[in-house]
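Per this note's numbering, the very first residue in the sequence shown carries number 70; after that it's consecutive.
All C-beta atoms in this analysis are idealised placements derived from N, C-alpha and C, irrespective of residue type, glycine included.
Contents: one structure, followed by commentary.
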Amino acid sequence: MDSARCVARGLRKAFGDLVAVDDVSFHIDSGEVYGLLGPNGAGKTTTISLVVGLLARDGGDVSICGDDIDAGAKVRAHIGYVPQEIALYTELTAAENLRFWGRMYGLGGSELNARVAEVLDLVGLAERAGDRVQEYSGGMQRRLNIAAGMMHRPELLILDEPTVGVDPQSRNAILTDVERLGASGMAVLYTTHYMEEAERLCDRVGIMDSGRLIAEGTRRELIGSIGEDDRIVIGFDHGTDLSAATDVLNAVAGVRGVTVDGAEATVLASDGRVVLAHAVRDLSAAGLGVAAVELQEPDLESVFLHLTGRALRD
Ligand SMILES: Nc1ncnc2c1ncn2[C@@H]1O[C@H](COP(=O)(O)OP(=O)(O)OP(=O)(O)O)[C@@H](O)[C@H]1O
Ligand SMILES: [Mg+2]
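Written out as structure tokens, the structure is:
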């Protein structure tokens with residue numbers, strides 16, 4: 070695993086009787102965005118704290134870019150850690166904050182100035198560089214917080230729920246930032262309890278619950294693993310012969326079942342997109358009037374529900 074930026078094996082951490090992280094293992098390659106998805110209290114932040122060496126492990130080991138995390142400051146320099154709380158000086162400007170963090174990491178002179186401009190550009194704040202942080206919105210502060218974690222060009226960037234409490238527009242901007250970073254070859258460890266964020270951003274997702282990694286894979290692998298059908302809901306024009314429509318639908322290749330309720334039919338199929346196209350074609354060839362169609366595909370929320378019997382968010 071030459072390209073592995075982060076390898077965590079058998080991580081364990083208990084607080085008294087509570088096992089917050091229980092035998093958690095994963096790896097992240099360069100250019101990969103890895104998501105830890107789980108509800109409040111699942112153990113995401115504790116896992117991250119073990120990975121960056123902020124919390125002592127009860128078991129397991131961590132290596133970053135091939136070096137053991139216990140090897141000290143040199144290893145930690147590979148990591149950019151953006152905690153959930155904002156760590157900025159509000160009376161200083163954005164550029165001043167970044168210069169401060171850059172100096173902490175040993176940058177100086179023209180290299181420091183160039184890097185400040187670069188990371189401001191990366192998070193889309195170049196035009197606000199000279200504004201004081203206290204004039205920033207919450208979302209902009211979060212983006213600057215991310216920029217601060219990147220000053221030293223880390224190979225692994227760790228973001229702990231960076232969009233919590235942020236308005237939709239800033240949230241979208243943060244997600245776009247992270248997408249760009251992944252595409253630039255950085256390895257990213259991203260925690261969230263928002264299923265949509267994990268679906269959009271993450272190349273692979275580890276689903277956490279009660280301290281354990283209960284499933285891991287690409288979105289497609291995870292959804293495929295639960296073997297749940299897609300559902301196509303078809304609304305018909307008033308007066309349509311629904312028993313004829315049911316016959317047509319049952320004859321479409323790939324259909325696993327059809328139920329009718331009022332003027333609506335629900336079709337189960339493993340490949341909903343293909344079946345949907347064929348169903349609409351055959352219904353219209355038979356002169357049966359389709360008023361509306363909706364495709365409902367299982368998502369990571371369905372996976373969590375399938376594995377735990379609970380919703381990701383209540
Ligand atoms: N310092 C601590 N002392 C005692 N218990 C702790 C401590 N830190 C975390 N815990 C407990 O460990 C469990 C996991 O907490 P953690 O913060 O890792 O969850 P999380 O997945 O990050 O949740 P959230 O989505 O709310 O941030 C929780 O039950 C929490 O109460
Ligand atoms: Mg947390």
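Any contact between the region 253 to 265 and the region 99 to 109? By contact I mean 3 or more CB pairs, one from each, below 8 Å.
Yes: at least three Cβ pairs fall under 8 Å.
Sub-7 Å separation of A163 and L124 beta-carbons
No, the pair does not count as a contact, with Cβ atoms beyond the cut-off.
Is any non-hydrogen atom of ligand 2 found closer than 6 Å to the C-beta of K113, if you look at the structure I gave you?
Placement of the Cβ of K113 at a distance of less than 6 Å from at least one heavy atom of ligand 2 is found.
How about V131 and T116: do their beta carbons lie closer than 7 Å?
Against a cut-off of 7 Å, the Cβ pair of T116 and V131 comes out as no contact.
Where P231 falls, given that 16 or more other Cβ within 10 Å makes a residue buried
Buried, because 16 or more other Cβ atoms sit within 10 Å of the Cβ of P231.
Can you name, in chain order, every residue of its own chain whose Cβ lies under 6 Å from the Cβ of H240, other than the five neighbours on each side?
It is worth fixing the name first, because residue 240 is Arg in this sequence and not His. Counting only Cβ-Cβ distances below 6 Å, and skipping sequence neighbours, we find T232.
If I measure Cβ to Cβ from V88 and keep anything under 8 Å in the same chain, skipping five residues before and after, which residues do I get?
Answer for V88: R81, K82, G280, listed in chain order.
Is the region 318 to 333 close to the region 282 to 294, with three or more CB pairs under 8 Å?
They do not touch, by the three-pair rule.
Quick one: measure Cβ to Cβ for V247 and L213, integer angstroms, because I've assumed they're closer than 8 Å.
Their Cβ separation, rounded to whole angstroms, is 15 Å, which puts V247 and L213 out of contact at 8 Å.
Per DSSP, what kind of secondary structure is L213 in: helix, strand or coil?
Helix, per DSSP.
Can you grab the Cα-Cα spacing for the pair L167 / V185, in whole Å?
Going by the C-alpha atoms only, they are around 6 Å apart.
Nearest neighbour of S371, chosen from E268, S312, D91 [CA to CA]:
It is E268 whose Cα lies nearest to the Cα of S371.
Are the beta-carbon atoms of L250 and D298 separated by less than 7 Å?
Contact check for L250 against D298 fails: the beta carbons are separated by 7 Å or more.
Which residue marks the beginning of the beta strand (DSSP E) containing L337, and which one marks its end?
From DSSP, the beta strand (DSSP E) with L337 extends over 333 to 338.
Suppose the cutoff is 8 Å on Cβ atoms and the five residues either side in sequence are ignored; what does the same chain contact list for T287 look like?
If we look at T287 and ignore the five residues flanking it on each side, its Cβ neighbours are D272, R273, V274.
Please classify R126: is it buried, with 16 or more other beta-carbons within 10 angstroms of its beta-carbon, or exposed?
Answer is buried; the Cβ neighbour count reaches 16.
Note the first and the last residue of the continuous beta strand (DSSP E) segment covering L228.
For L228, the enclosing beta strand (DSSP E) stretches over residues 225 to 229.
Are the region 215 to 232 and the region 139 to 155 in contact at 8 Å, needing three or more beta carbon pairs?
Touching, yes, given that three or more Cβ pairs across the two stretches are closer than 8 Å.
Skipping 5 residues on each side, what residues in its chain have a beta carbon closer than 6 Å to that of H221?
Answer for H221: Y174, listed in chain order.
Helix, strand or coil: how does DSSP classify H307 here?
DSSP places H307 in coil when its eight states are reduced to three.
Distance cut-off 6 Å: A89 Cβ against heavy atoms of ligand 1:
Correct: A89 has its Cβ closer than 6 Å to ligand 1.
Any idea which residues DSSP pairs H96 with across the strands?
Paired residue(s): V76.
Please say whether T309 and G36 have beta carbons closer to each other than 7 Å?
The structure shown does not extend to residue 36, since the chain is modelled only from 70 through 383, so no value can be given for it.
For ligand 1, is there any heavy atom lying closer than 6 Å to the beta carbon of G104?
Ligand 1 has no heavy atom closer than 6 Å to the beta-carbon of G104.
Would you identify the three-state DSSP class for G341, choosing helix, strand or coil?
In this structure, DSSP gives G341 a helical state, which the three-state scheme calls helix.
What did DSSP end up calling E101 once you bin it into helix, strand or coil?
Three-state DSSP puts E101 in coil, outside helix and strand.
So, is Y205 buried or exposed, given that buried needs 16 or more other C-beta atoms within 10 angstroms?
Buried is the call here.
Length at least 4, wholly inside the region 339 to 374: the alpha helix (DSSP H) runs in chain order:
You should have 341 to 354.
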